[in-house]
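Residue numbers (the numbering used here): 3 to 220.
Only one structure is covered here, and it is reproduced in the block below.
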Amino acid sequence: MNSNIPIISSKKLKSLQPLVYAIIDGANLMPHTSMPRMLTKTDTIELDYLNLKTKQINIEELFHTLLFLQGTSLNLAGLQRVFIRTVDLKLIQVDPRLTIPFVFDDFQQMMHLFSKEGTVRSADGNSTLMKFVKSDIGKMIPPGIPRFALYVDDEAEIVPVSDFAKDKPIAVYVHLNPKNQSVDELMEKAFCVSNDKLNTGNVMNRVIKHFEIQNNVW
(Lines of atoms letter the chains of each structure in order from A; the text may use other names.)
(Lines give C-alpha, C1' and ligand atoms only; values in the text may rest on other atoms or scores of the structure.)
Protein backbone atom coordinates (compact mmCIF):
# COMPACT_ATOMS: atom_id res chain seq x y z
CA MET A 3 0.00 0.00 0.00
CA ASN A 4 1.26 3.52 -0.82
CA SER A 5 2.93 4.91 2.30
CA ASN A 6 2.17 8.47 1.13
CA ILE A 7 -1.58 7.94 1.51
CA PRO A 8 -2.75 9.39 4.84
CA ILE A 9 -4.16 6.91 7.35
CA ILE A 10 -7.84 7.51 8.09
CA SER A 11 -8.51 8.10 11.76
CA SER A 12 -10.94 5.85 13.64
CA LYS A 13 -13.21 8.85 14.26
CA LYS A 14 -13.40 9.76 10.57
CA LEU A 15 -13.85 6.14 9.55
CA LYS A 16 -16.92 5.83 11.76
CA SER A 17 -18.42 8.97 10.22
CA LEU A 18 -18.18 7.71 6.64
CA GLN A 19 -21.05 5.88 4.93
CA PRO A 20 -19.55 2.93 3.01
CA LEU A 21 -20.68 2.49 -0.58
CA VAL A 22 -19.81 -1.21 -0.82
CA TYR A 23 -19.95 -3.94 1.81
CA ALA A 24 -17.87 -6.79 0.38
CA ILE A 25 -18.45 -10.21 1.94
CA ILE A 26 -15.87 -12.83 1.02
CA ASP A 27 -17.72 -16.09 1.51
CA GLY A 28 -16.66 -19.69 2.09
CA ALA A 29 -13.24 -19.15 3.66
CA ASN A 30 -11.78 -22.37 5.03
CA LEU A 31 -9.22 -21.41 7.68
CA MET A 32 -7.60 -24.72 8.51
CA PRO A 33 -4.44 -24.57 10.67
CA HIS A 34 -1.62 -26.97 9.84
CA THR A 35 -1.32 -29.55 12.60
CA SER A 36 2.45 -29.34 12.93
CA MET A 37 3.54 -26.02 11.38
CA PRO A 38 2.73 -22.39 12.37
CA ARG A 39 0.63 -21.62 9.31
CA MET A 40 -2.62 -22.46 7.59
CA LEU A 41 -3.14 -25.44 5.30
CA THR A 42 -2.47 -24.90 1.61
CA LYS A 43 -3.39 -26.89 -1.48
CA THR A 44 0.11 -28.38 -1.64
CA ASP A 45 -0.13 -30.01 1.81
CA THR A 46 -1.22 -33.29 0.25
CA ILE A 47 -0.07 -35.55 3.09
CA GLU A 48 -1.82 -33.40 5.67
CA LEU A 49 -4.96 -33.18 3.55
CA ASP A 50 -5.09 -36.97 3.19
CA TYR A 51 -4.64 -37.34 6.94
CA LEU A 52 -7.52 -34.92 7.61
CA ASN A 53 -9.62 -36.45 4.82
CA LEU A 54 -9.84 -33.11 3.02
CA LYS A 55 -9.87 -32.41 -0.70
CA THR A 56 -7.62 -29.85 -2.35
CA LYS A 57 -10.61 -27.82 -3.55
CA GLN A 58 -11.74 -27.36 0.06
CA ILE A 59 -8.62 -25.31 0.84
CA ASN A 60 -8.76 -21.69 -0.26
CA ILE A 61 -6.25 -19.71 1.82
CA GLU A 62 -4.46 -18.79 -1.43
CA GLU A 63 -7.66 -17.38 -2.93
CA LEU A 64 -8.35 -15.46 0.29
CA PHE A 65 -4.86 -13.95 0.17
CA HIS A 66 -5.26 -12.69 -3.39
CA THR A 67 -8.76 -11.36 -2.75
CA LEU A 68 -7.77 -9.42 0.37
CA LEU A 69 -4.65 -8.11 -1.35
CA PHE A 70 -6.80 -6.75 -4.16
CA LEU A 71 -9.46 -5.25 -1.88
CA GLN A 72 -6.98 -3.36 0.28
CA GLY A 73 -5.72 -1.40 -2.72
CA THR A 74 -9.01 -0.16 -4.18
CA SER A 75 -9.71 3.55 -4.26
CA LEU A 76 -12.92 2.92 -2.31
CA ASN A 77 -10.98 1.25 0.48
CA LEU A 78 -8.33 3.96 0.63
CA ALA A 79 -11.12 6.54 0.91
CA GLY A 80 -12.79 4.61 3.73
CA LEU A 81 -15.86 3.87 1.61
CA GLN A 82 -15.54 0.08 1.53
CA ARG A 83 -16.08 -2.49 4.27
CA VAL A 84 -14.86 -6.06 4.07
CA PHE A 85 -16.08 -9.12 5.92
CA ILE A 86 -14.98 -12.74 5.68
CA ARG A 87 -17.54 -15.48 6.28
CA THR A 88 -16.04 -18.89 6.97
CA VAL A 89 -17.37 -22.30 5.97
CA ASP A 90 -18.61 -22.77 9.53
CA LEU A 91 -20.37 -19.37 9.36
CA LYS A 92 -18.01 -17.48 11.64
CA LEU A 93 -17.73 -13.81 10.74
CA ILE A 94 -14.52 -11.81 10.51
CA GLN A 95 -14.49 -8.03 10.27
CA VAL A 96 -11.60 -6.46 8.35
CA ASP A 97 -10.70 -2.83 9.05
CA PRO A 98 -9.99 -0.76 5.90
CA ARG A 99 -6.63 0.20 7.44
CA LEU A 100 -5.35 -3.37 7.69
CA THR A 101 -2.27 -3.86 5.52
CA ILE A 102 -2.25 -7.28 3.91
CA PRO A 103 1.34 -8.57 3.57
CA PHE A 104 2.48 -8.77 -0.05
CA VAL A 105 4.39 -11.99 0.61
CA PHE A 106 2.20 -15.09 1.00
CA ASP A 107 4.37 -16.58 3.77
CA ASP A 108 3.94 -13.39 5.80
CA PHE A 109 0.19 -13.52 5.22
CA GLN A 110 0.23 -17.13 6.39
CA GLN A 111 1.97 -16.09 9.59
CA MET A 112 -0.57 -13.33 10.17
CA MET A 113 -3.52 -15.68 9.65
CA HIS A 114 -1.97 -18.34 11.89
CA LEU A 115 -1.63 -15.82 14.73
CA PHE A 116 -5.14 -14.59 14.02
CA SER A 117 -6.52 -18.12 14.29
CA LYS A 118 -4.90 -18.41 17.73
CA GLU A 119 -5.63 -14.94 19.13
CA GLY A 120 -8.80 -13.95 17.29
CA THR A 121 -7.55 -10.43 16.50
CA VAL A 122 -4.97 -8.50 14.53
CA ARG A 123 -3.99 -5.22 16.15
CA SER A 124 -2.14 -2.16 14.88
CA ALA A 125 1.57 -1.77 15.64
CA ASP A 126 0.81 0.73 18.41
CA GLY A 127 -1.85 -1.57 19.86
CA ASN A 128 -4.52 1.14 19.76
CA SER A 129 -6.66 -0.27 16.96
CA THR A 130 -8.11 -3.69 16.18
CA LEU A 131 -7.68 -4.25 12.45
CA MET A 132 -9.20 -7.71 12.10
CA LYS A 133 -11.40 -9.63 14.49
CA PHE A 134 -14.05 -12.28 14.87
CA VAL A 135 -17.44 -10.72 15.58
CA LYS A 136 -20.20 -12.49 17.46
CA SER A 137 -23.01 -10.90 15.46
CA ASP A 138 -24.15 -12.52 12.24
CA ILE A 139 -23.72 -10.65 8.99
CA GLY A 140 -27.33 -9.46 9.17
CA LYS A 141 -26.49 -7.21 12.10
CA MET A 142 -23.27 -5.84 10.63
CA ILE A 143 -24.87 -4.37 7.51
CA PRO A 144 -27.23 -1.44 8.14
CA PRO A 145 -30.96 -2.02 7.51
CA GLY A 146 -32.20 -1.04 4.08
CA ILE A 147 -28.99 -1.83 2.22
CA PRO A 148 -29.72 -4.40 -0.51
CA ARG A 149 -27.71 -7.61 -0.49
CA PHE A 150 -26.80 -9.55 -3.60
CA ALA A 151 -24.85 -12.71 -4.29
CA LEU A 152 -22.58 -12.48 -7.33
CA TYR A 153 -21.30 -15.53 -9.16
CA VAL A 154 -19.93 -16.75 -12.49
CA ASP A 155 -21.43 -19.39 -14.74
CA ASP A 156 -20.47 -20.38 -18.26
CA GLU A 157 -24.10 -20.68 -19.39
CA ALA A 158 -26.23 -18.35 -17.25
CA GLU A 159 -27.42 -14.99 -18.55
CA ILE A 160 -25.10 -12.16 -17.50
CA VAL A 161 -26.62 -9.30 -15.52
CA PRO A 162 -24.79 -5.97 -15.94
CA VAL A 163 -23.66 -4.41 -12.68
CA SER A 164 -25.54 -1.23 -13.59
CA ASP A 165 -28.81 -3.18 -13.41
CA PHE A 166 -28.54 -3.72 -9.65
CA ALA A 167 -25.89 -1.25 -8.47
CA LYS A 168 -27.35 2.22 -8.61
CA ASP A 169 -26.29 5.26 -6.60
CA LYS A 170 -26.96 3.83 -3.13
CA PRO A 171 -24.77 1.54 -0.98
CA ILE A 172 -25.03 -2.20 -1.52
CA ALA A 173 -23.67 -5.40 -0.01
CA VAL A 174 -22.26 -8.09 -2.28
CA TYR A 175 -21.40 -11.67 -1.38
CA VAL A 176 -18.83 -13.48 -3.49
CA HIS A 177 -17.71 -17.02 -2.71
CA LEU A 178 -14.01 -17.90 -2.86
CA ASN A 179 -15.15 -20.33 -5.52
CA PRO A 180 -17.14 -17.80 -7.58
CA LYS A 181 -19.13 -20.58 -9.25
CA ASN A 182 -20.87 -21.10 -5.91
CA GLN A 183 -23.78 -18.84 -5.05
CA SER A 184 -23.71 -17.47 -1.53
CA VAL A 185 -26.85 -17.90 0.57
CA ASP A 186 -28.20 -15.56 3.22
CA GLU A 187 -31.72 -15.31 4.62
CA LEU A 188 -31.75 -11.53 4.07
CA MET A 189 -30.30 -11.67 0.56
CA GLU A 190 -32.46 -10.25 -2.20
CA LYS A 191 -31.13 -11.87 -5.36
CA ALA A 192 -28.19 -13.65 -6.97
CA PHE A 193 -26.71 -12.38 -10.23
CA CYS A 194 -24.35 -13.97 -12.71
CA VAL A 195 -21.84 -11.27 -13.68
CA SER A 196 -19.66 -13.24 -16.10
CA ASN A 197 -19.47 -16.40 -18.20
CA ASP A 198 -15.70 -16.46 -17.73
CA LYS A 199 -13.70 -18.15 -14.98
CA LEU A 200 -13.09 -15.01 -12.93
CA ASN A 201 -11.61 -15.16 -9.46
CA THR A 202 -13.27 -13.59 -6.44
CA GLY A 203 -11.32 -10.34 -6.67
CA ASN A 204 -12.26 -9.93 -10.35
CA VAL A 205 -15.93 -10.37 -9.49
CA MET A 206 -15.71 -7.87 -6.63
CA ASN A 207 -13.95 -5.46 -8.97
CA ARG A 208 -16.99 -5.30 -11.26
CA VAL A 209 -18.99 -3.64 -8.47
CA ILE A 210 -16.20 -1.62 -6.89
CA LYS A 211 -15.19 0.01 -10.19
CA HIS A 212 -18.82 0.91 -10.82
CA PHE A 213 -19.02 2.83 -7.55
CA GLU A 214 -15.61 4.43 -7.99
CA ILE A 215 -16.67 5.81 -11.37
CA GLN A 216 -20.12 6.86 -10.18
CA ASN A 217 -18.70 8.75 -7.21
CA ASN A 218 -15.45 10.03 -8.76
CA VAL A 219 -13.34 8.16 -6.21
CA TRP A 220 -9.84 7.82 -7.65
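Here a beta-carbon is modelled for each residue, glycine too, at the ideal position from N, C-alpha and C.
Does tyrosine 304 pass the burial test, meaning 16 or more other C-beta atoms within 10 Å, or should it be called exposed? For the chain, the structure presents residues 3 to 220; residue 304 sits outside this window and is missing.
Please indicate yes or no: does the CB of isoleucine 86 lie closer than 7 Å to some heavy atom of the ligand GTP? Of the ligands one can find in the structure shown there are none, so the ligand GTP has no counterpart to examine.
Going by beta carbon distance, what residues of the same chain come within less than 6 Å of valine 84, once the five residues before and after it are set aside? Ala24, Leu71, Val96
Alpha-carbon spacing of asparagine 53 relative to histidine 177, whole angstroms: 22 Å
Arginine 39, buried or exposed, once every other Cβ within 10 Å from all chains shown has been counted against 16: buried
In the DSSP assignment, find the beta strand (DSSP E) that holds lysine 133 and state where it starts and stops. 130 to 135
Is the beta carbon of leucine 15 closer than 8 Å to that of proline 148? Result no, Cβ atoms of proline 148 and leucine 15 do not sit closer than 8 Å.
Please name the residue in Asn217, Lys13, Thr42, Ile26 whose C-alpha comes closest to that of histidine 114. Answer by Cα proximity: Thr42.
Exposed or buried, glutamate 63, counting other C-beta atoms within 10 Å across all chains shown (16 or more means buried)? Glutamate 63 comes out buried.
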